[in-house]
Amino acid sequence: MKLFVNYIDTPIGKMISISDDRYLYLLQFTDSKKLSLRIQQVRALYKADLIERSTSTFLTLKKQLTAYFQKEITTFSIPLFLNGTPFQKQVWNILQTTHSGELLTYKKIAELLGSSGKSQAVGNANGANKIAIIIPCHRVINANGSLGGYAGGVERKRFLLGLESNDITLF
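Mapped onto full-length UniProt numbering, the consecutive letters of the sequence shown carry residue numbers 1 to 171.
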């Protein structure tokens, strides 16, 4: 299998995508601490060679990310290939159905899944997300209202939440 690597410059840093002409497999910031691991996971899982070349999925992604950062769109229509446990996919689905500017807590997501005791598992699923921004894990905050962690860094999370809330200084 061949998958294709591309880079996107955004207002909050350079990102790397892995896609083919049907799906997006990965979207991460290039300075992410887990980037090498995530790329290795994708390569191993799909037994894929990674080649630097544009794909139709990437072109759509680039167009939509640009529109998102220019506040022209609030949702994405990129076809995603999600690999995870059934529980992780449930968490990611909830994240994808949240509206721009809406905030969730780990506990709230666990409650939506029918088990408020699974907050830590929700946090782990959130942390396993390989598709930043499109699966908006940045919308999850701590129960006390603090921002908490974000693989892309708290400053990026603050920026994204501000962008989506129409108040860049909100956080």
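Glycine included, every Cβ here is placed at the ideal spot set by N, Cα and C.
Small disclaimer: the values here were computed from a predicted structure and weren't measured.
Where residue i sits in the DSSP three-state scheme
{"i": "residue 25", "result": "strand"}
{"i": "residue 17", "result": "strand"}
{"i": "residue 98", "result": "coil"}
{"i": "residue 82", "result": "coil"}
{"i": "residue 72", "result": "coil"}
{"i": "residue 109", "result": "helix"}
{"i": "residue 131", "result": "strand"}
{"i": "residue 104", "result": "strand"}
{"i": "residue 37", "result": "helix"}
{"i": "residue 151", "result": "coil"}
Proximal residues to residue i (C-beta, below 7 Å), its chain only, five neighbours per side dropped
{"i": "residue 89", "result": "82"}
{"i": "residue 131", "result": "24, 26, 27 and 80"}
{"i": "residue 147", "result": "141, 154, 157, 158 and 171"}
{"i": "residue 34", "result": "151"}
{"i": "residue 182", "result": "Residue numbering for the chain in the displayed model covers 1 to 171; residue 182 lies beyond these limits and cannot be assessed."}
Classification of residue i by the beta-carbon crowding that lies within 10 angstroms, buried from 16 upward
{"i": "residue 118", "result": "buried"}
{"i": "residue 160", "result": "buried"}
Bounding residues of the beta strand (DSSP E) (the contiguous stretch that carries residue i)
{"i": "residue 2", "result": "2 to 10"}
{"i": "residue 31", "result": "Element bounds for residue 31: n/a, residue is neither H nor E."}
Beta-carbon proximity of residue i to residue j, cut-off 8 Å
{"i": "residue 3", "j": "residue 65", "result": "no"}
{"i": "residue 10", "j": "residue 76", "result": "no"}
{"i": "residue 78", "j": "residue 57", "result": "yes"}
{"i": "residue 1", "j": "residue 46", "result": "yes"}
Neighbourhood of residue i by C-beta, 6 Å cutoff - its chain only, sequence neighbours within 5 removed
{"i": "residue 122", "result": "91, 106, 109 and 110"}
{"i": "residue 129", "result": "135 and 137"}
Same chain, Cβ closer than 8 Å to residue i, neighbours up to 5 away in sequence not counted
{"i": "residue 55", "result": "4, 6, 19, 20 and 21"}
{"i": "residue 84", "result": "92, 125 and 128"}
{"i": "residue 98", "result": "104, 136 and 139"}
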